[in-house]
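Note that this note's numbering has the sequence shown beginning at 59, numbered continuously upward. Structure, as structure tokens:
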Amino acid sequence: MPDKLNALLERLKAHQRTLILAMAEYDGLPAGSALRQVAELENVIAAVEAVAAEEAERARSAHGSAPRRTGG
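Put into structure tokens, the structure is as follows:
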């Protein structure tokens, strides 16, 4: 799952970057719809990063909570 989340994150960031660079080509203020798209992408990026962090923590916890064998 981490690979899929990372791939999604990279696609979202690339799309956001493309939008920002396209807006920079023009002298005036970008259209409100373009600004909203960038803002919405920022929210989704933050959400994906949060889920990725939760999944990483869950994986660490799963490895750390396994019963340990002792030499006996």
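From the three backbone atoms N, C-alpha and C, an ideal C-beta is built for every residue, glycine too.
Check the Cα spacing between H73 and each of V102, A89, L87: the tightest is with V102.
Nearest to K71 by alpha-carbon distance, out of E113, A120, A104, E112, is A104.
V96 is positioned such that its CB atom lies no closer than 7 angstroms to that of L67. Here the C-alpha atom of K62 lies approximately 12 angstroms from the C-alpha atom of V109.
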